[in-house]
Amino acid sequence: MKAAMSGFDLYAMASELEKFTGAYVKKAYMPHYEQIVLRINPKGMDQFDLVFVRGERIYTSNRDRPMPMSPPPFAMLLRKHLKNARFTGVRQLGFDRVLAFDFDTKFGSRHIYVEVFRDGNIILVDDEGIIIQPLTHAAYAGRTLKKGVEYSPPPAAMDPFTLDEEGLSELFGDTDRDLVSTLGGKANLGGTHANAVCQLAGHEPNMNTEDADINAVHSALHQLLNDLSTSKNGFLILKPSKEVNAEQLQAEADKHVIGVERDRFLEMHAEEATPILLPSHVDKAMLSFDTLGDAVDAWKGFHDSAALARREAEKLDIAAPGRGHSTDVERLQRRLVQQEKSMKDFSAKIDKQQALGHIIQENWTHIESLLTQVNEAVDVQGWKEIKKAAKEIPWIVSLNAATRTFVTILPDENGEANGPQATLSLDESVHQNAQRQKNKNKGAIGALEDTKTQLKTAQKKETKAEATGKLNRIKRSKRFWFESHRWSMISGGHLLIGGKDAKGNDTVVKKHLSSNDMYLHADIHGAPSCSLRSTQGFIIDPQKPAHIPDDIPAYRLADKLEDSTLDDDKLLEAATLALCWSRAWAGGGAHGTVFSVKPAQVSKTANTGEFVGKGAFIVRGQRRWFKDLDVQIGIGIIAVNGVPLLMGGTPSTVKQICQRYAILAPGLTKKEQLANKIYKNTGLVTDDVLGVLPGAGQIIEDYGIFSLPKSIDEEE
Numbered sequence: 001m002k003a004a005m006s007g008f009d010l011y012a013m014a015s016e017l018e019k020f021t022g023a024y025v026k027k028a029y030m031p032h033y034e035q036i037v038l039r040i041n042p043k044g045m046d047q048f049d050l051v052f053v054r055g056e057r058i059y060t061s062n063r064d065r066p067m068p069m070s071p072p073p074f075a076m077l078l079r080k081h082l083k084n085a086r087f088t089g090v091r092q093l094g095f096d097r098v099l100a101f102d103f104d105t106k107f108g109s110r111h112i113y114v115e116v117f118r119d120g121n122i123i124l125v126d127d128e129g130i131i132i133q134p135l136t137h138a139a140y141a142g143r144t145l146k147k148g149v150e151y152s153p154p155p156a157a158m159d160p161f162t163l164d165e166e167g168l169s170e171l172f173g174d175t176d177r178d179l180v181s182t183l184g185g186k187a188n189l190g191g192t193h194a195n196a197v198c199q200l201a202g203h204e205p206n207m208n209t210e211d212a213d214i215n216a217v218h219s220a221l222h223q224l225l226n227d228l229s230t231s232k233n234g235f236l237i238l239k240p241s242k243e244v245n246a247e248q249l250q251a252e253a254d255k256h257v258i259g260v261e262r263d264r265f266l267e268m269h270a271e272e273a274t275p276i277l278l279p280s281h282v283d284k285a286m287l288s289f290d291t292l293g294d295a296v297d298a299w300k301g302f303h304d305s306a307a308l309a310r311r312e313a314e315k316l317d318i319a320a321p322g323r324g325h326s327t328d329v330e331r332l333q334r335r336l337v338q339q340e341k342s343m344k345d346f347s348a349k350i351d352k353q354q355a356l357g358h359i360i361q362e363n364w365t366h367i368e369s370l371l372t373q374v375n376e377a378v379d380v381q382g383w384k385e386i387k388k389a390a391k392e393i394p395w396i397v398s399l400n401a402a403t404r405t406f407v408t409i410l411p412d413e414n415g416e417a418n419g420p421q422a423t424l425s426l427d428e429s430v431h432q433n434a435q436r437q438k439n440k441n442k443g444a445i446g447a448l449e450d451t452k453t454q455l456k457t458a459q460k461k462e463t464k465a466e467a468t469g470k471l472n473r474i475k476r477s478k479r480f481w482f483e484s485h486r487w488s489m490i491s492g493g494h495l496l497i498g499g500k501d502a503k504g505n506d507t508v509v510k511k512h513l514s515s516n517d518m519y520l521h522a523d524i525h526g527a528p529s530c531s532l533r534s535t536q537g538f539i540i541d542p543q544k545p546a547h548i549p550d551d552i553p554a555y556r557l558a559d560k561l562e563d564s565t566l567d568d569d570k571l572l573e574a575a576t577l578a579l580c581w582s583r584a585w586a587g588g589g590a591h592g593t594v595f596s597v598k599p600a601q602v603s604k605t606a607n608t609g610e611f612v613g614k615g616a617f618i619v620r621g622q623r624r625w626f627k628d629l630d631v632q633i634g635i636g637i638i639a640v641n642g643v644p645l646l647m648g649g650t651p652s653t654v655k656q657i658c659q660r661y662a663i664l665a666p667g668l669t670k671k672e673q674l675a676n677k678i679y680k681n682t683g684l685v686t687d688d689v690l691g692v693l694p695g696a697g698q699i700i701e702d703y704g705i706f707s708l709p710k711s712i713d714e715e716e
């Protein structure tokens, strides 16, 4: 695979994916218009993403990839048909660049055809072969891809696996092209593998087919296909440059084992992913992987996992090319420039309209007579007859029955029908017709004045916001799922969530407590059930959005953290927050106790004669206790997936992560008053802020949350 996967690559991918037969589809996503992701949950293995990049590649990945909060319609359709569907197999159509994925669903059989040629397509098909929906509607010479028609694959090309010596001889005898072109086109090998066959056979690529040794070519082809059938590995071929030769490149590649550094290195130096090594790969720097999917993911996965960020950037660029996120002031300034330019272009037209109004008034008697005559003629003869008669009248150019208007030639200075033209309304007087001509461009002038007024207001607001450290508000149709609960980020990026009420407690334990997580609960009746996630959390955003200020750290949601260990320090942080989220805060105490247990120790099953209410759980076995914890919480501003949020955390963690933060302790100031102060100083939505504050409190420390950020104070 170079720019896009070949038939060889898709053959290897189909073989790799067969081992996941019987796995279930958890969800479907569409982070970009070009990309579909199916989250697959195989039995006895970790879940992974099956990634389709339209017209380019298919592979598996375990990378974290942010997804849109509101799935596009095609993703919703896939969810409807494929949720909890069982993956029953994958097949390549002949040796063409089309893979068919088969699923057993509650609606019956469903199939996804992924076409990896030209612009590509992804087509959902029902059990009768009828297209439910293609990603893109398309029409070709012999087939149409649209909803409701039978799916027809592209015309089948030759399958080289079926090509014997006799068939090869017939192929060579029926062509006027050279050897490599015949193998690449008619034998369906493609340029790269056709050249490989020529090299293995010891032939020049551009030689005539009639001069080729059929036996040698067939043996070379058989060797290549046999390697493809037996190979289970994948390879990334690296491209040397003038500055770095193959040997140096190999040494450099071996240094970058994991992480973002390797991603960027491969993005820069990799040129091809392949399931088998070809003669052209000899002496080249390369990296070996367990599967072709792993190789493709190592090369293209970093780019593809940032699909959502690209999509958002493209949206902004479409609305404002090259500018990205625009403030109200920038938007109004652009509008003002456009309107002022338009007014300059219209200045001559405005003068003309004013002149028409004056001419109508100066020729009052003539215009009044004309209006009266046309009105009477219409009433007596009707529009059809008057239109015929008007052709003989030099003053009238045309009539419009629908708008009850006519175009007339106004008198010149000699009173002849040689003046400018004007549209007169039969339902208006002479004065009204004259005023309408004069006022035609008043709307544009008024719009210009309105824009100037709005711009002044927006500039004042922006200046005030900058002076107070307010953030640009991001409009969003949906909140993050974790905002329905108490939430925080623990050291290492781990997500901690706790229930806000009995229903929330049930949700946290049932949906968000896995076997490798930890359950925490304050030693107080009615305290929230908390889950410290081992693999789910936040990572630093490698591409910080342009609209996020420098003093706000940017993170991305992650389903797979690199470090899933929950050590003592992380548990202590989580325990402190579990205490602050409990009634210990409202009680005004300075210290408290929290315990933690493994998820297997938490149950809804009551002992004989007991009852477990909504939001309550039975904890069995040994507990780990955290005593004398301080009842203090830190709050700081971070950005998650480009959205500024107020986050609660332990004082030490918040100080370490955030530049704008505050430390709170139980106090007498109502949390509504605190939230209002935060809103006035930061611009964060009050409802979002209220969900983070544990209750009434007092401010212990403040750096840019309740007061101006330090940098602004220094400037003033």
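Here the sequence shown stands for residues 1 to 716, where the numbers follow the numbering used here.
Ideal Cβ positions, reconstructed from N, Cα and C, are used throughout, including at glycine.
Inset, instruction - Alpha carbon to alpha carbon, how far is Cys658 from Gly636? Give it in angstroms, no decimals. - result: 6 Å
Inset, instruction - Could you pull the start and end residues of the alpha helix (DSSP H) that Tyr140 belongs to? - result: That residue, Tyr140, is in no alpha helix (DSSP H); it is neither H nor E in DSSP.
Inset, instruction - Take the Cβ of Pro644 as the centre, count every other Cβ of all protein chains shown within 10 Å, and call the residue buried at 16 or more, exposed below. - result: buried
Inset, instruction - Report yes if the C-beta distance between Pro651 and Gly697 is below 7 Å; otherwise report no. - result: no
Legend entry - Span of the beta strand (DSSP E) around Ala527: Premise fails: Ala527 is in no beta strand (DSSP E) and is neither H nor E.
Legend entry - Host alpha helix (DSSP H) of Leu292 (start-end): 292-305
Legend entry - Rounded Cβ spacing between Gln536 and Asp559 (contact assumed at less than 8 Å): 6 Å
Legend entry - Helix, strand or coil at Tyr151 [DSSP, three-state]: It is coil, neither helix nor strand.
Legend entry - Option in Ser564, His32, Ala402, Gly419 with minimal Cα separation from Ile396: Nearest neighbour of Ile396 by Cα position, chosen from Ser564, His32, Ala402, Gly419, turns out to be Gly419.
Legend entry - Ordered list of beta strand (DSSP E) runs contained in the region 537-575, each at least 3 residues: 554-558
Inset, instruction - State the DSSP-derived secondary structure class of Glu449, mapped to helix, strand or coil. - result: helix
Legend entry - Identified DSSP bridge partners for Ala522: Paired residue(s): Val594.
Inset, instruction - Starting from the Cα of Arg110, find the closest Cα among Asn84, Gly120, Arg118 and give me that residue. - result: Asn84
Inset, instruction - Out of Lys680, Glu368, Ala212, Ser582, state which residue places its alpha-carbon closest to the alpha-carbon of His525. - result: Ser582
Inset, instruction - With distances taken Cα to Cα, identify the nearest neighbour of Gly94 among Ala187, Asn41, Ile386. - result: Ala187
Legend entry - Pro694, DSSP secondary structure in three states: If DSSP states are grouped into helix, strand and coil, Pro694 belongs with coil.
Inset, instruction - Kindly identify the DSSP beta-bridge partner or partners of Arg264. - result: Partner(s): none; Arg264 has no beta bridge.
Legend entry - Per-residue DSSP class, three states only, for His726: Absent from the model: residue 726. The displayed extent of the chain is 1 to 716, so no value can be given.
Legend entry - Euclidean distance between Cα positions of Ile552 and Ala639: 7 Å
Legend entry - Contacts around Met489, its chain only, beta-carbon distance under 8 Å, and the 5 residues preceding and following it disregarded: Sequence-distant Cβ neighbours of Met489 in its own chain, meaning closer than 8 Å and more than five residues away, are Leu495, Leu496, Gly537, Phe538, Tyr555, Ile638, Met647, Gly649, Thr653, Ile657.
Legend entry - Span separating the alpha-carbon of Gly324 from that of Ser70: Note that Gly324 has pLDDT 44, beneath the 50 cutoff, so the model's placement of it is unreliable and no number is given.
Legend entry - Inter-stretch contact at 8 Å, needing at least 3 Cβ pairs: the region 88-106 / the region 2-10: Yes, they touch.
Legend entry - Proximity of Leu236 and Ala295 at Cβ, strictly below 7 Å: yes
Legend entry - For His494, the residue or residues it bridges with in DSSP: Ile490, Gly537
Legend entry - Segments of 4+ residues assigned as alpha helix (DSSP H) that fall wholly inside the region 58-110: Runs of the alpha helix (DSSP H) inside the region 58-110: 73-82.
Legend entry - Meets three-Cβ-pair contact criterion under 8 Å: the region 28-42 and the region 279-289: no
Inset, instruction - Whole angstroms is fine: what's the gap from Val692's alpha carbon to Ala578's? - result: 13 Å
Inset, instruction - Would you check if the distance between the CB atom of Pro153 and the CB atom of Val116 is smaller than 7 Å? - result: no
Inset, instruction - In angstroms with no decimal places, state the Cα-to-Cα distance between Tyr24 and Asp213. - result: 49 Å
Legend entry - Minimum length 3: unbroken beta strand (DSSP E) runs contained in the region 206-256: Within the region 206-256, the complete beta strand (DSSP E) runs of at least 3 residues are 234-238.
Inset, instruction - Find the nearest neighbour of Arg660 within the set Val508, Gly587, Leu471, judged by alpha-carbon distance. - result: Considering only alpha carbons, the answer is Leu471.
Legend entry - Residue span of the alpha helix (DSSP H) that contains Trp364, given as start and end: Start and end: 364-381.
Legend entry - Proximity below 7 Å, CB of Val197 to CB of Ala220: Yes.
Legend entry - Residue range of the unbroken beta strand (DSSP E) whose run includes Glu271: 270-274
Legend entry - Neighbourhood of Met158 by C-beta distance below 7 Å, restricted to the same chain and skipping five residues each side: Lys186, Ala187, Asn188
Legend entry - His32 - DSSP class collapsed to helix/strand/coil: strand
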